[in-house]
Amino acid sequence: MDLVYAVSSTPEVIVVKAEHHSDSDEKLFEEATSLLDKEFTIRGDRLLSLFRFCPNCGSKISSEKGSLVLLEDNSSPVVHYYCDSCPGKQCWYGV
Numbered sequence: 001m002d003l004v005y006a007v008s009s010t011p012e013v014i015v016v017k018a019e020h021h022s023d024s025d026e027k028l029f030e031e032a033t034s035l036l037d038k039e040f041t042i043r044g045d046r047l048l049s050l051f052r053f054c055p056n057c058g059s060k061i062s063s064e065k066g067s068l069v070l071l072e073d074n075s076s077p078v079v080h081y082y083c084d085s086c087p088g089k090q091c092w093y094g095v
């Protein structure tokens with residue numbers, strides 16, 4: 001397992017253009033649900049930007065060195081993060 005320390009350079013807010021869809025809500029839900037088993041490629045800095053807040057409790061994760069670490073296990077991403085509100089170091093494993 002390789003240890004990589006990274007800091008996300010992703011801005012706090014990303015502006016996304018809102019689009020209007022004329023499809024029914026049910027069809028959109030079915031399409032979104034079909035994506036749940038699909039694997040996606042994501043850049044490491046973008047993945048880390050998803051961990052600005054703890055996935056368990058929603059508290060902000062500190063930007064101090066060591067509070068958020070991206071590792072690689074074979075070709076799968078592993079994110080170790082420390083949340084001040086949750087007990088101990090937490091870990092998220094990619095596929």
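Quick note: the sequence shown uses UniProt numbering, first residue 1, plus one each step.
Note that beta-carbon positions come from the ideal geometry of N, C-alpha and C, so glycine has one too.
- In the three-state reduction of the DSSP assignment, residue 27 falls in the helix class.
- Here residue 79 is not near residue 35, since their CB atoms are 8 angstroms or more apart.
- Contact check for residue 68 and residue 61: beta-carbon distance about 6 angstroms, within the 8 angstroms limit, so the pair qualifies.
- Sequence-distant Cβ neighbours of residue 83 in its own chain, meaning closer than 8 angstroms and more than five residues away, are 54, 56, 57, 59, 61, 90.
- With fewer than 16 other CB atoms across the displayed protein chains lying within 10 angstroms of its CB, residue 93 is exposed.
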